[in-house]
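Report on one structure; see the data block that follows.
Residue numbers (the working numbering), protein chains in the order written: chain A, 86 to 99; chain B, 5 to 261.
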């Protein structure tokens, strides 16, 4: 089963 | 002072209905040049909402100094239900406000309804999302995408989107079996919004949570078309155009472990 990724890991905090 | 008057209350109603199941609290950032912008992440940190209501979304818009309005969308939704879709809707806030004034005006009758909504201090992380090159971009009727997201959710927790030069395929596999819908690009000259456009630099095959896609398609009431931008192993962008501005959803994909 595919695992759901965390969106925040793809971007940097402003 | 902020004063933003919508020609039709229905626009803000639809926008709030499209996001309030995903995020409960969010900051409305108001400025003269950008209008009202919102960035908010859902509690599970899978879906991000980016809303831009340009001054062009409003019949009249003025914002003398930048301000942030911390809003509980459930409460705002309750107030928005009090007005009729066709009413003028005006948002009014003084400088350093502790409440937002919401005024409905019936266009035919001499009826004015005023509501005051308490504002909140909301701490929220803001993410920098750079415009990146996408592997694929699909523009299609939002009603078609909405039907797929709703129908396939009854079969599976995940929806696969597979794009090649010739087609976009939506595929779901569940306990009871599997299904797929394939769309090929076509141009409808009589009804351009019915067209399907596929721009592809590289084929992609991505999987998304059906629950989140179902939240996203609530915005189909805002625009007859949706643009989906996909990049391998990166969040997808689902965009609905507003009369001036946009409502975007960024959704993290699922990967095989």
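Using N, Cα and C, we set each Cβ at its ideal position, and we do this for glycine too.
Shortest alpha-carbon distance to residue i belongs to which of the options?
| i | options | result |
| --- | --- | --- |
| residue 146 of chain B | B:201, B:71, B:112 | B:201 |
| residue 231 of chain B | B:220, B:238, B:237 | B:220 |
| residue 199 of chain B | B:179, B:224, B:24, B:143 | B:143 |
| residue 183 of chain B | B:228, B:205, B:158, B:30 | B:158 |
| residue 41 of chain B | B:30, B:19, B:56 | B:56 |
| residue 67 of chain B | B:87, B:206, B:31, B:9 | B:9 |
| residue 246 of chain B | B:62, B:33, B:48, B:218 | B:62 |
| residue 2 of chain B | B:72, B:132, B:77, B:82 | The structure shown does not extend to residue 2 of chain B, since chain B spans only 5 to 261, so no value can be given for it. |
| residue 208 of chain B | B:165, B:194, B:33, B:59 | B:165 |
| residue 205 of chain B | B:141, B:227, B:44 | B:141 |
| residue 95 of chain B | B:15, B:43, B:240 | B:15 |
| residue 203 of chain B | B:169, B:33, B:5 | B:169 |
| residue 30 of chain B | B:44, B:37, B:249 | B:44 |
Confirm, please, whether the CB-CB distance from residue j to residue i is below 8 angstroms.
| i | j | result |
| --- | --- | --- |
| residue 93 of chain B | residue 106 of chain B | yes |
| residue 176 of chain B | residue 84 of chain B | no |
| residue 212 of chain B | residue 162 of chain B | yes |
| residue 90 of chain A | residue 259 of chain B | yes |
| residue 22 of chain B | residue 233 of chain B | no |
| residue 226 of chain B | residue 18 of chain B | yes |
| residue 53 of chain B | residue 79 of chain B | no |
| residue 108 of chain B | residue 87 of chain B | yes |
| residue 92 of chain A | residue 254 of chain B | yes |
| residue 39 of chain B | residue 65 of chain B | yes |
What's the C-alpha gap between residue i and residue j?
| i | j | result |
| --- | --- | --- |
| residue 35 of chain B | residue 103 of chain B | 17 angstroms |
| residue 98 of chain A | residue 129 of chain B | 7 angstroms |
| residue 256 of chain B | residue 115 of chain B | 46 angstroms |
| residue 171 of chain B | residue 139 of chain B | 14 angstroms |
| residue 47 of chain B | residue 126 of chain B | 14 angstroms |
| residue 150 of chain B | residue 136 of chain B | 25 angstroms |
| residue 153 of chain B | residue 59 of chain B | 32 angstroms |
| residue 28 of chain B | residue 76 of chain B | 6 angstroms |
| residue 7 of chain B | residue 217 of chain B | 34 angstroms |
| residue 89 of chain B | residue 239 of chain B | 34 angstroms |
| residue 191 of chain B | residue 228 of chain B | 15 angstroms |
| residue 121 of chain B | residue 155 of chain B | 37 angstroms |
| residue 237 of chain B | residue 95 of chain A | 10 angstroms |
Proximal residues, the region 207 to 233 of chain B versus chain A, C-beta separation under 7 angstroms: Against chain A - using a Cβ distance shorter than 7 angstroms - the residues of the region 207 to 233 of chain B are 211, 213.
Contact list for the region 159 to 181 of chain B against chain A, Cβ threshold 8 angstroms: Against chain A - using a Cβ distance shorter than 8 angstroms - the residues of the region 159 to 181 of chain B are 162.
Contact set between the region 132 to 156 of chain B and chain A, restricted to residues whose Cβ is under 8 angstroms from the partner: 132, 133
Length at least 4, wholly inside the region 126 to 192 of chain B: the alpha helix (DSSP H) runs in chain order: 146 to 157
Residues of the region 239 to 250 of chain B whose Cβ lies closer than 8 angstroms to any Cβ of chain A, in chain order: The residues in question are 239.
Chain A contacts made by the region 186 to 200 of chain B, where a contact means CB separation under 8 angstroms: none
Whole beta strand (DSSP E) elements within the region 63 to 127 of chain B, 3-residue minimum: 64 to 67, 71 to 76, 92 to 97, 103 to 109, 116 to 122
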